[in-house]
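Numbering (the working numbering), first residue to last: 19 to 594.
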């Protein structure tokens, strides 16, 4: 295949359906991969496109009625390019048209086409002094027989920027499938809306999430509150693969910028996490809204929740302690006086007794840990909340909701003050909250009543956004999915999940085949607010080189026996 010449010619297409390109005879159809980034040179504009489909074409039906033998290479070569040919479908994503055409007029000795063919025949953009580079959404298509080229490194930098750009907080998330040039996210745009990392189990969602969090911390784009259900982000975690190994956590990469809170101090100590702070919650901090989110895990009925409101109205913050200590006679007397339902309150009492088995629950806490976390966030510290052995869904739903509701309330107050004073010093620090198993918080049945649904719908109004990590995007409410700004998606097989990814995405139909053809490891489709156009990348390795480039300190690899021992300890602690 020619690397510097045109690959094919546009033969037909439409703005909504994409472009059909016939490959030139010397271009092998086997070199065309779904997800590839190509450019089309029009008469006036340059179009940046994604390859969405590959097909074989014939000029005459008689060829397939009597196909040549595979051994007959001479006849196959005669047919190639004339009787038989390859076609590709392109989805135009961006276009560039020079704002000033005077600088290209024949009178000044320059070509009227700003994309001047180079010595190799490839039309490369040669900017002139009176033109500005502005990428725009595609509003038209190139003319018949416009030539299609491989995207160059310059094209990638023009579209996705570069990591060292002093004007933007760009972060390299990976590289294109067939080139060694970084593809960057604009982290300022990334954190100003809620985002999602999706993919089926085993496709590397945790590694993608670590990359994003590390980049956000390194570029100081936002402070992070990370609910680490499986103890994968704070300290060392087990790496997937044939060889037993571990990967560094955020606390190891950024010792001075990350704090670890743990709901299970014994588990955290066994894993060798230094300077982890214990986190306890008390019954008097639990409100009815917190219990409502856990009603599915506690097995509570609507009647029990209604009676919980009666108890809260009577006893205030101590309603759970009062209920747990009530006798049957006291419950009966209370119901007669307050018009409660004895059976529902008795059932509520029985099921709330499960909270006594949670290691981090206390009757009362002399120290307000949520306020301490808020002070750390305001000081620019990133917080990882580890669950350890308390990683059951009841604990995860209860703790994340309790902490997030209070932090969000604080941010609302600060944002309202900032809107009133317009003082930059009153502006809240941008906060990104990371949650796993996001469909449990954002499913259609509960999304209207959860704090996470509120945050997702508010976008950046109160300077709080979400990073949702999930393997079942179809379980997330459609309204919330439509508000997800940037979607980083590894391989998905289920049709419902694939449909959910493209909820609210214009032209998503052309990208379905791209998503379905991803490799199961280290490939992802990125689209949305933080990238100018959808792109498929080989994700950046999360390894020693990454530690050196991103982390605060220099790193040395442990000997193999130390890596093996640490991995075995981590696996045992997680119950593997």
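Even glycine gets a Cβ: it sits at the ideal position worked out from N, Cα and C.
Could you name the residues of the same chain whose beta carbon sits closer than 8 Å to that of residue i, not counting the 5 residues immediately before and after it, in chain order?
i: residue 199; result: 171, 174, 175 and 193
i: residue 275; result: 235, 398, 399, 400 and 570
i: residue 426; result: 469, 472, 473, 480 and 482
i: residue 158; result: 33, 63 and 113
Mind checking residue i: buried by the 16 CB within 10 Å criterion, or exposed?
i: residue 92; result: exposed
i: residue 81; result: exposed
i: residue 422; result: buried
i: residue 355; result: exposed
i: residue 163; result: exposed
i: residue 104; result: buried
i: residue 325; result: buried
i: residue 308; result: buried
i: residue 317; result: exposed
i: residue 120; result: Note that residue 120 scores 41 on pLDDT, short of 50, meaning its location in the model is unreliable; the coordinates nonetheless yield the value given after this. Per the 10 Å Cβ criterion, exposed.
i: residue 107; result: buried
i: residue 126; result: Its pLDDT being 37, under 50, residue 126 is placed unreliably by the model, and the measurement read from it follows with that caveat. Residue 126 comes out exposed.
i: residue 187; result: buried
Can you look up residue i in the DSSP assignment and give me helix, strand or coil?
i: residue 246; result: strand
i: residue 532; result: helix
i: residue 193; result: strand
i: residue 90; result: coil
i: residue 353; result: helix
i: residue 168; result: strand
i: residue 62; result: coil
i: residue 297; result: coil
i: residue 264; result: strand
i: residue 181; result: coil
i: residue 32; result: strand
i: residue 158; result: coil
i: residue 306; result: helix
i: residue 517; result: helix
i: residue 69; result: strand
i: residue 99; result: coil
i: residue 362; result: helix
i: residue 255; result: strand
i: residue 55; result: strand
i: residue 188; result: strand
i: residue 334; result: helix
i: residue 541; result: strand
i: residue 173; result: helix
Return the chain-ordered list of same chain residues with a C-beta closer than 6 Å to the C-beta of residue i, the five sequence neighbours on each side being excluded.
i: residue 473; result: 482 and 484
i: residue 424; result: 388
i: residue 520; result: 526
i: residue 30; result: 38
i: residue 489; result: 218 and 219
i: residue 35; result: none
What does a CB cutoff of less than 7 Å around residue i pick up in its chain, not counting 5 residues either side in sequence?
i: residue 531; result: 52, 70 and 71
i: residue 286; result: 280, 294, 404 and 406
i: residue 62; result: 115
i: residue 540; result: 222, 556 and 557
i: residue 182; result: none
i: residue 266; result: 254 and 565
i: residue 457; result: 488, 490, 493 and 494
i: residue 78; result: 101
Would you kindly check if the distance between the Cβ of residue j and the Cβ of residue i is under 8 Å?
i: residue 400; j: residue 242; result: yes
i: residue 406; j: residue 281; result: yes
i: residue 377; j: residue 195; result: no
i: residue 409; j: residue 248; result: yes
i: residue 32; j: residue 40; result: no
i: residue 338; j: residue 349; result: no
i: residue 239; j: residue 205; result: yes
i: residue 392; j: residue 449; result: no
i: residue 98; j: residue 184; result: no
i: residue 211; j: residue 478; result: yes
State the start and end residues of the unbroken beta strand (DSSP E) segment that holds residue i.
i: residue 38; result: 36-41
i: residue 216; result: 213-216
i: residue 403; result: 400-404
i: residue 107; result: 102-114
Between which two residues does the alpha helix (DSSP H) carrying residue i extend?
i: residue 282; result: Careful: residue 282 lies outside any alpha helix (DSSP H) and carries neither H nor E.
i: residue 471; result: 469-476
i: residue 490; result: Run containing residue 490: none; DSSP gives neither H nor E here.
i: residue 556; result: Taken as a continuous stretch (DSSP letters only), residue 556 belongs to no alpha helix (DSSP H), being part of the beta strand (DSSP E) at 553-557.
i: residue 420; result: 411-439
i: residue 499; result: 496-501
i: residue 390; result: 387-396
i: residue 444; result: Note, residue 444: premise wrong, no alpha helix (DSSP H); not H, not E.
Does the Cβ of residue i lie closer than 7 Å to at least one heavy atom of the ligand HEM?
i: residue 275; result: This structure simply doesn't include the ligand HEM, nor any ligand for that matter.
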